[in-house]
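First the structure, in the form of structure tokens, and then the observations on it.
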Amino acid sequence: MLRARPVADADALAAATARRVAAETASAEKRAAALAEREALAAAKRESKAEAIRAVEAAAAVPVPTEADRKAARDARYAARKANKHAR
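Going by the numbering used here, the sequence shown opens with residue 525, and the numbers climb by one from there.
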């Protein structure tokens, strides 16, 4: 025949409940800490990617010459041609 479980007294129930609550609390704290760590790593990774993108954009940015720059380059080419003519 099947035996019935003995009836637990109030102290045993309270102790079991306290152990369960403590275990659940510890588990929740552990999950929260792991989540916070993952969020911190993700934020650092996003910042790192943003920094890399800014660096690439800065390196790839081609400066647009101003009117004065174009005139100076033209004058330099003209002077070089003139110097080559006189060097012959």
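Where a beta carbon is used, it is the ideal one built from N, C-alpha and C, also for glycine.
Determine the extent of the alpha helix (DSSP H) in which D535 is found, giving its start and end residues. From DSSP, the alpha helix (DSSP H) with D535 extends over 534 to 584.
Measure the alpha-carbon distance for A528 versus A538 and round it to whole angstroms. Each residue's alpha carbon lies about 21 Å from the other.
Taking the alpha helix (DSSP H) that R612 falls in, what are its first and last residues? Here R612 belongs to no alpha helix (DSSP H), and DSSP marks it neither H nor E.
Using three-state DSSP, classify A603 as helix, strand or coil. Look at A603 here: in three-state DSSP terms it is helix.
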